[in-house]
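Under numbering that gives the first Met the number 0, the sequence shown has 194 at position 195, and the numbering climbs by one with no breaks. Structure first, commentary second.
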Amino acid sequence: MKTSEVLHAWGAILAGRRPSLSIELTRECPLRCPGCYAYEDAHLGTAGITLRQLSDSKGSALVQGVLRVVEERRPLHLSLVGGDPLVRYRELLELLPELDRRGIHVQLVTSAFREIPAEWNALSRLNIVVSVDGLQPEHDVRRKPATYERILKCIAHSRVSVHCTITSQMMHREGYLEEFVKFWSLRKETKRIWFSIFTPQKGAVDPEILTVQERTRAIAELLRLREVYPLLDMYASAIKEFEHPPASPRDCIFASTTTTISADLKTRVTPCQFGGDPNCSQCGCIASMGLAAVGHHQLLPGITTGQIFTVSQLIGRSVNALRSFGQSNEAVVEPEVEVEEETRVA
Ligand code: SF4
Ligand code: SF4
């Protein structure tokens, strides 16, 4: 994270806002990936309602809806996830240039099942993240129809960040992660390579869950590979955070600084983008680890960035409380989502 970005985010927190917003742009996805958290029953935390059952919008209703949420939340960084956001590529053709014009950094997370328009290369604040589930034989089984062949065609005119979630199956074969990094390092379309580690829900028994030994080996391997392959764009300090993830959502800077909203543009996904009841002790989210590393950074002897963050959050909550007080005196009625947010943080 650049110093200017940290200062911007700090300013937003002091003002009582969350600097990062994630929107599940659509409930639809042509894939059925094993281990996908978005379609789990508990994802939305609402009994009996899953992402597929939520109402979502299309066309200008979606474009205007997203811009309205962005105006309300004023994030510095916006992630567009799904379902697969490319299902709504016509809306994205309008939305992405507008968000760029507003100076918002956007991360579009996709399986690249559809061609990524070359005109998006001109959007300097856009980062396209393509999810790849390991080497071709395993990936193609898990992510059909977004196979390697199809992804390579769809990203042919783009430069993308390749993101792989490490699963237990990948750790069964020695050298697997290196083969993956080598393959994608040689592709001209690859801007950078990121890894997360599969994060289960509490009590889950998915075959993707790494054992303690596999997790330790994965961390050691990533620390080694980052020295050899420059496109593996992960700080050693962030990789080491995989050794001791945040104890709970309350301890997770990522969860505290990011608001996730689902496809109806109203429902909040909590406590973080995984929804449900994630097992923080086995968290492998790259964003959470990156921010934890920032939080553990010593600013001054005995003072970490995380301690400054906690104090800033308290100030931000007071700002929100004062704002709510002023508004209730003026009999202003806040939109429902905003009231929920203020109640949550106050
Ligand atoms: S592409 Fe993403 S949203 Fe779609 S099924 Fe796979 S993991 Fe889930
Ligand atoms: S991102 Fe990871 S550590 Fe943070 S709340 Fe979610 S599961 Fe827990």
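In this text, a Cβ means the ideal position worked out from N, Cα and C, and glycines have one as well. Predicted, not measured: the structure shown is a model, and the values here were computed from it.
Closest by C-alpha distance to A111, out of E97, E207, L125 and R142, is R142. The beta carbons of I165 and F194 sit closer together than 8 Å. With a cutoff of 7 Å, C279 counts as near ligand 2, since its C-beta is closer than that to a heavy atom of the ligand. Remark: the shortest separation between the CB of Y38 and any heavy atom of ligand 1 falls under 7 Å. The alpha-carbon separation between K181 and Q135 amounts to approximately 13 Å. The three-state reading of DSSP puts R267 in strand, counting E and B together. With a cut-off of 7 Å, the C-beta of D83 is classified as near ligand 1, since at least one heavy atom of the ligand falls inside that distance. For A60, the number of other beta carbons within 10 angstroms of its own is below 16, and it is reported as exposed. DSSP, reduced to helix, strand and coil, places L134 outside both helices and strands of the structure shown, so it counts as coil.
For S160, the three-state secondary structure derived from DSSP is strand. A Cβ-Cβ contact shorter than 8 Å links R158 with K190. Judged by beta-carbon spacing, V129 lies beyond the 8 Å limit of V80, meaning their Cβ atoms are not closer than that value.
Taking 4 residues as the minimum length, the alpha helix (DSSP H) runs contained wholly in the region 219–281 are 235–240 and 252–256, in order along the chain. Classified as exposed, R100 has fewer than 16 neighbouring CB atoms from the shown chains inside 10 Å of its CB.
Taking C-beta separations shorter than 6 Å and ignoring five residues to either side along the sequence, the partners of S56 in its chain run G64, following chain order. Segment contact: the region 21–40 against the region 268–281, three or more CB-CB distances shorter than 8 Å; contact assigned. Secondary structure within the region 147–201: the alpha helix (DSSP H) runs of 4 or more consecutive residues, fully enclosed, are 147–153, 167–170 and 175–184 (chain order). Between ligand 2 and the CB of F273, the shortest heavy atom gap is smaller than 7 Å.
Relative to ligand 1, the nearest heavy atom lies less than 7 Å away from the CB of S110. Its Cα nearest to that of L24, the residue S261 stands out among R267, S261 and S287. When DSSP reads this structure, I127 sits in a beta bridge with L107. Residue environment for G58: exposed (fewer than 16 other C-beta atoms within 10 angstroms of its C-beta).
Contact between the region 247–262 and the region 45–55 is established, with three or more Cβ pairs separated by less than 8 Å.
With a threshold of 7 Å, the Cβ atom of C284 counts as near ligand 2, since some heavy atom of the ligand is closer than that.
For D232 against I192, the beta-carbon gap comes to about 7 Å, under 8 Å, which counts as contact.
With a beta-carbon spacing of about 5 Å, V62 and E93 fall inside the 8 Å limit used to define contacts. Secondary structure at I285: helix, using DSSP grouped into helix, strand and coil. Here P244 is not near A254, since their CB atoms are 8 Å or more apart.
Non-local beta-carbon contacts of E114 in its own chain, meaning distances under 6 Å to residues more than five positions away in sequence, involve C153 in chain order. The continuous beta strand (DSSP E) containing L77 extends over residues H76 to V80. In the DSSP assignment, L20 is bridged to L77 and T258. Here T215 carries a helix assignment [DSSP, helix/strand/coil]. For the pair L20 and P74, the CB atoms are nearer than the 8 Å cut-off. Closest by C-alpha distance to T45, out of L107, A217 and T266, is T266.
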